[in-house]
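Engineer: Take this structure first; my questions come after.
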Amino acid sequence: MSRILKMAAVASAAVLALTACGGGGDDSSSSGSSAGSTVTDAQVQAALEKGGTLTVWAWEPTLKNVVTKFQEKYPKVKVDLVNAGTGDKQYTALQNAIAAGKGVPDVGQIEYYALPQFAIGKALTDLKGYGADSLKADFTPGPWNSVNSGGGVYGLPMDSGPMALYYNKTVFDKYAIKVPTTWAEYLDAARKLHKADPKAYITNDTGDAGFATSLIWQAGGKPYQVDGTNVTINFQDQGSQEFVRVWQQLISEKLLAPVSSWSDQWFQGIGSGSIASLATGAWMPANFVSSAPAGAGQWRAAELPQWTAGGNASAENGGSSLALLDKGANKELAYAFLKYANDGDGVQIRVDGGAFPATSKTLADEKWLNTEFKYFGGQKANEVFAKSAQNVVTGWSYLPFQVYANSVFNDTVGKAYVSNTTLSDGLKAWQDQSVKYGNEQGFTVK
Amino acid sequence: MTTTARTPARTSGQSKPVTMSSKKRPKGSILLTLLTSLMALYALVPLAWLLINSTKTQEGLFSSFGLWFDDGKFALFSNIADTFTYDGGVFTRWLANTLLYVVVGAGGATFLAVLAGYGLAKFNFAGKKAVFAIVIGAVAVPPTALAVPTFLMFSKVGLTDTPWAVIIPSLVSPFGLYLMWTFAAQAIPTEMLEAARVDGASEMRTFFRISVPLLAPGIVTTLLFTLVATMNNYFLPLIMLKNPDWYPLTVGLNSWNAQAATAGGEAVFNLVITGSLITVVLLLAAFLTLQRYWQSGLAAGSVKE
Amino acid sequence: MAVPQLAAPPAAPPQGVRRRRRSLGGWQFVGPFMVVFALVFLAPIGYSIYLSLYRNRLIGGNAFVGLDNYTQALQDAQFWSAVGRVGLFLVVQVPIMLFLALLAALALDSGRLYGKSFFRVSIFLPYAVPTVVAALMWGFIYGSQFGLVGNINDALGVALPDPLQPSLILASIGNITTWEFVGYNMLIFYSALQVVPKSLYESAAIDGAGQLRIIRSIKIPAIRGALVIATIFSIIGSFQLFNEPAILRNLAPNAITTYFTPNFYAYSLTFSGQQFNYSAAVAVVMAVLTIIVAYVVQLRGTKELG
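These protein sequence lines map, in sequence, to chains R, C and D.
For the first sequence, the numbering used here assigns the number 6 to the initial residue and increments by one for each residue that follows.
For the second sequence, the numbering used here assigns the number 7 to the initial residue and increments by one for each residue that follows.
For the third sequence, the numbering used here assigns the number 9 to the initial residue and increments by one for each residue that follows.
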């Protein structure tokens, strides 16, 4: 063999050897959370005085101001805020960095549905060791529940997404449609609207895992039961079936705009009135303002339609926490930032920037409750959202591999939107694929 | 393209002599021109769409017909200004990055391909056939297979999130290698090389002094090809880069497109479109400039009869 | 650019001492390329193969599993549906695109076209658009609610079929790929046509051959090498289809599944499911398939060369 080829072979072997030592096997041997050692407030304070550099990976726009003010207050600390992508893009980047063992940030923004996956992968530090479990009362029940996983506290809630029904009052009034208080009424409203104007739809839907799970959550369904590494997945339970009953009709009768959320067509539809309502989280107003200005003044916020008449159940949709990465460097400093941003001065800074808080104090604050939303014609929408936050159904869990499950939602349940597959069958396919994956990954899933 | 002197053939009426000569142009065919225009239309309509829609504001995009201007505003210049100033002027940074990646990456790839193609064409050595088989075989490997291992390798040496992470992988162009190999085999007479060797010139000197000028058109073609390949680089930079400051234009524009999909994000589709227009215009300019070299080079270096 | 026949380049005459000197000389030219190549291709491929022999799970860590990942891949219905899809894409899109490119090249070469330079440049233009940008553009255009398709529906009162629905999505992507590369292939063929020896045309004219006859008997056989190479690279490109489905996915999440193409499947496995190992096995299988197909095409192509 020629010299160069030999050299190449040697080089490849060397690289293989290098990476073989480093790759794989790391996670099971990593020390994981430092639940044993307790870090006191004094130590955290000392870290702030000593100063240092922090890397924070987050896409939340309101954090920019938080970082500025934090650096003003603690001049010895420098915070590097990096937008490494939104949602799963950032989770991918995080997982890559963790696998490589290099370039892991100190703090990461992690949505509630993804938190259990990172916690179980031992990628996050248990904040109990920093006294975080004493902060329970500071946060609303939904988010607090979501940052607790397997007995530990793996993040501090940053914002939350209690659901509401946003509707276009101008369109509703035009066709004399009453604001629906139950999902059955919603179905009727959908029929009435589409009949009156075939180019208008009550809402859009091309299959969204977060939306489906949130609605099942609201209906009292608990399809995911998680106990350590024992998981049960069951979309035949009562809550899931209620969702399917109503939603299947919307799909079959073609009452849902075939437009994907967050696409330019979606924003267009919201602005023009062709999409007449949205059932989504309390963080939506900022997006209305910035991306669908044509609809200003026409929309209002209302309570989410109920599954049982007279009820007041709600659910969370979206929302993220800030977490400490276990492979990050400056842990005490990082925790200090977490507390500042999510439990300290940072909260008001973010709320002023349009974020929806997860702190109970803010949700009870008179001034905040009385905020008038120009986009909603002056409505004090925060009152609706606060009420929703209090009524979130308890006992919901996400899968410890929800990120994967959500990624195959459209492969399975999505079929119901574009073919004769029923929603029920689609959910069963989703269930089966999630079970298969879980078992492959070492969980015991039924 | 080539002009050769030709004696008009003796023909018997209808069939015209087919010639590339500019001396005697045969009658143009309207039908052929029309048919070819259809194809040109197909190629140009989306580009026209791009141009027209970069004159619209974000709202205008939604409220006006796709293939005609928005009666309300002609916002091309404000869009261009906004594209360059949005988000702290990061677009200019992306432009600069792309320039860097292209010049060093495509330039480097061309250089390596020219060297290697010349070596394969004009020298006989052990393992030559294997080299080509391995290189073409490697092209068949899906890039996704290489992305994560490359990422892990690069992060071990601390190269991720740096321009090198984008440049180094783009230095290998198997197609460029093939192009240069076949071109060098054709365009450089071995006798010339023999003569130079007899004179005592080193291989490298022979290469630079004699061979490169002969290879010029092939080099330009390879450069064009690697230029486009580097511009098309999307997947690997996406994995390698975390800091938006180092994004190339493709990754940057796509991140702007996706950024509306987040709580509190702002839809800036008009900037995505305008940014795309700017990218395309710059590439076109590069192409049209290079094309002139290419044309004259072809005349000079065309295969002898 | 001259793209000659696909044949092994001429070998230098072997002559003892001379050969050894040239042997070193050869490597000094090929060496730099091979070093970077080893780093950028061979090492990751090696690592990929290594990864494919293990399985790293969320619970339980890393374990050697031998060829299990490969057995799983060979029985994976999603993987094979992806292979089938790119196979279908290949068999339809590549011939159409190359045929159109050939027509355009012949038109340019015929000498009977008005405004030849304009056509040469304009048909080539789409190649200068980065594929990511092209996918973004066509994504906007394909929108059947508020995109161009929707606009046309409203303006003309018709109901054009939604290009993004499952039954049409592959064709729509094929359209984008054809649009992007037809000009490039046209140029390859056109350049090859430029180096056809003029003497052949002279003889044909003397024999009184018509245009079509000339095309069939002289031009096309003469550029066979270019045709084969263009076909091979188009085949490899089709098997690796990724950018367009990836970018269009959020517009058509139900039509473009996570296993839409083999490359995209490998990508989803790695980045959504953290299944690095299985993804590596899928990629290796795919690479082998591609090489086989490309080799077969090359064999058939050069065999006909005679």
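All residues carry an ideal CB built from backbone N, CA and C; glycine is no exception.
Everything numeric in this text was worked out from a predicted model, so none of it was measured.
DSSP three-state label for R:THR285, please.
Structural biologist: DSSP places R:THR285 in strand when its eight states are reduced to three.
Engineer: Quick one: which residues of the region 232–265 of chain R get their C-beta closer than 9 Å to a C-beta of chain D? List them in chain order.
Structural biologist: Here the close residues are THR234, ALA262, PRO263, VAL264, SER265.
Engineer: Can you list, in chain order, the residues of its chain with a C-beta nearer than 8 Å to that of R:PRO263? Leave out the 5 residues immediately preceding and following it.
Structural biologist: Counting only Cβ-Cβ distances below 8 Å, and skipping sequence neighbours, we find ASN209, THR211, TYR422.
Engineer: D:ALA136 and C:VAL257 - do their beta-carbons sit closer together than 8 Å?
Structural biologist: Cβ distance not < 8 Å, so C:VAL257 and D:ALA136 don't count as in contact.
Engineer: The ligand SAH and R:GLN311: does the residue's C-beta get closer than 7 Å to at least one heavy atom of that ligand?
Structural biologist: Inclusion of the ligand SAH in the displayed structure is not the case, the ligand content being empty and no account of it being possible.
Engineer: Closer than 7 Å, Cβ to any Cβ of chain C: which residues of the region 105–119 of chain R, in chain order?
Structural biologist: Taking 7 Å as the Cβ-Cβ cut-off against chain C, the residues of the region 105–119 of chain R that qualify are ALA105, LYS107, GLY108.
Engineer: Does R:PRO167 come out as helix, strand or coil in the three-state DSSP assignment?
Structural biologist: If DSSP states are grouped into helix, strand and coil, R:PRO167 belongs with the strands.
Engineer: Along the region 151–172 of chain C, where does the CB come closer than 8 Å to a CB of chain R? Name the residues.
Structural biologist: Result list: VAL154, PRO155, PHE157, LEU158, MET159, SER161, LYS162, GLY164, THR166, ASP167.
Engineer: Quick one: give me the first and last residue of the beta strand (DSSP E) that R:GLN114 is part of.
Structural biologist: Segment 112–116, the beta strand (DSSP E) holding R:GLN114.
Engineer: Report yes or no: is there a C-beta of chain D within less than 8 Å of the C-beta of R:GLY30?
Structural biologist: Unreliable placement is indicated for R:GLY30, whose pLDDT of 34 sits below 50; the coordinate value is still reported in the next sentence. By this cut-off, R:GLY30 is an interface position.
Engineer: Where are the alpha helix (DSSP H) runs, 4 residues long or more, that stay fully inside the region 276–300 of chain C, in chain order?
Structural biologist: As far as the region 276–300 of chain C is concerned, it has no whole alpha helix (DSSP H) run of at least 4 residues.
Engineer: CB-CB under 8 Å to R:ALA51, same chain, minus the five flanking residues each way: which ones, in chain order?
Structural biologist: Around R:ALA51: GLU337.
Engineer: Flag R:GLN100 as yes if its beta-carbon sits less than 8 Å from any beta-carbon of chain D, otherwise no.
Structural biologist: Output row for R:GLN100: interface = yes.
Engineer: Which of the three DSSP states, helix, strand or coil, is assigned to R:ALA13?
Structural biologist: With a pLDDT of 40 at R:ALA13, under the threshold of 50, the modelled position of this residue cannot be trusted, and the question is left open.
Engineer: So, are the CB atoms of R:LEU309 and R:SER245 less than 8 Å apart?
Structural biologist: Going by C-beta atoms, R:LEU309 is not nearer than 8 Å to R:SER245.
Engineer: R:PHE123 CB to nearest chain D CB: under 8 Å?
Structural biologist: Judged by the 8 Å Cβ criterion, R:PHE123 is not in contact with chain D.
Engineer: Using three-state DSSP, classify D:PHE189 as helix, strand or coil.
Structural biologist: Looking at D:PHE189 - three-state DSSP - the assignment turns out to be helix.
Engineer: To which residues of the same chain is R:LYS69 closer than 8 Å at the C-beta, ignoring the five residues directly before and after it?
Structural biologist: So the qualifying residues of the chain are LEU86.
Engineer: Of all Cβ atoms in chain D, is any one closer than 8 Å to the Cβ of C:ALA313?
Structural biologist: A question about residue 313 of chain C goes unanswered here, because the residues of chain C that appear run from 7 up to 311.
Engineer: Check for me: the beta strand (DSSP E) holding D:PHE72 runs from which residue to which?
Structural biologist: Per DSSP, D:PHE72 belongs to the beta strand (DSSP E) from 69–72.
Engineer: Out of R:ALA224, R:THR73, R:LYS183, R:LYS174, point me to the one whose CA is closest to R:GLY316's CA.
Structural biologist: Here the closest residue by C-alpha is R:ALA224.
Engineer: Can you look up R:ILE280 in the DSSP assignment and give me helix, strand or coil?
Structural biologist: Correct three-state label for R:ILE280: strand.
Engineer: Is there contact here, the region 191–210 of chain C with the region 170–183 of chain C, by at least three beta-carbon pairs under 8 Å?
Structural biologist: The region 191–210 of chain C, when compared against the region 170–183 of chain C, does not touch it at the 8 Å Cβ threshold.
Engineer: Indicate whether at least one CB of chain D lies closer than 8 Å to the CB of C:ALA122.
Structural biologist: By this cut-off, C:ALA122 is an interface position.
Engineer: Check whether the region 220–234 of chain C and the region 99–112 of chain C are in contact - that is, three or more C-beta pairs closer than 8 Å.
Structural biologist: Counting Cβ pairs under 8 Å, three or more are found: they touch.
Engineer: Just the chain R side, please: which residues come within less than 7 Å of C:PHE275 by C-beta, in chain order?
Structural biologist: What C:PHE275 touches in chain R: ASP269.
Engineer: Would you say the region 130–143 of chain R touches the region 234–248 of chain R, given that touching needs at least three Cβ pairs under 8 Å?
Structural biologist: No, the region 130–143 of chain R is not in contact with the region 234–248 of chain R.
Engineer: For D:LEU144, which residues in the same chain have their Cβ closer than 7 Å to its Cβ, ignoring the five residues on either side in sequence?
Structural biologist: Taken in chain order, the residues that qualify are ILE255.
Engineer: For D:MET294, which option in D:PHE87, D:GLN80, D:GLY165, D:LEU172 has the closest C-alpha, if you only look at C-alpha atoms?
Structural biologist: Closest option to D:MET294, Cα to Cα, is D:PHE87.
Engineer: From the DSSP secondary-structure annotation, give me the bridge partner or partners of R:TRP304.
Structural biologist: Answer by DSSP bridge pairing, in chain order: R:ASN173.
Engineer: In whole angstroms, what separates the C-alpha of C:ALA207 from that of D:VAL141?
Structural biologist: In a straight line, the C-alpha of C:ALA207 is about 48 Å away from that of D:VAL141.
Engineer: Closer than 7 Å, Cβ to Cβ, to anything on chain D: give me those residues from the region 209–222 of chain C, in chain order.
Structural biologist: Under the 7 Å Cβ criterion, the region 209–222 of chain C contributes GLU209.
Engineer: Mind the definition here: the region 97–116 of chain D touches the region 191–204 of chain D only if three or more C-beta pairs lie below 8 Å; say whether that holds.
Structural biologist: Contact between the region 97–116 of chain D and the region 191–204 of chain D is present, because at least three Cβ pairs lie under 8 Å.
Engineer: Measuring only the C-alpha atoms, how far is R:LEU374 from R:ARG355?
Structural biologist: In a straight line, the C-alpha of R:LEU374 is about 15 Å away from that of R:ARG355.
Engineer: Of the choices R:ALA104, R:LYS55, R:ASN235, R:VAL294, whose alpha-carbon is the least far from that of R:LYS83?
Structural biologist: When only C-alpha atoms are compared, the closest one is R:LYS55.
Engineer: When the Cα atoms are used, what is the spatial distance from C:TRP170 to R:TRP288?
Structural biologist: If I take the Cα positions, the gap works out to 39 Å.
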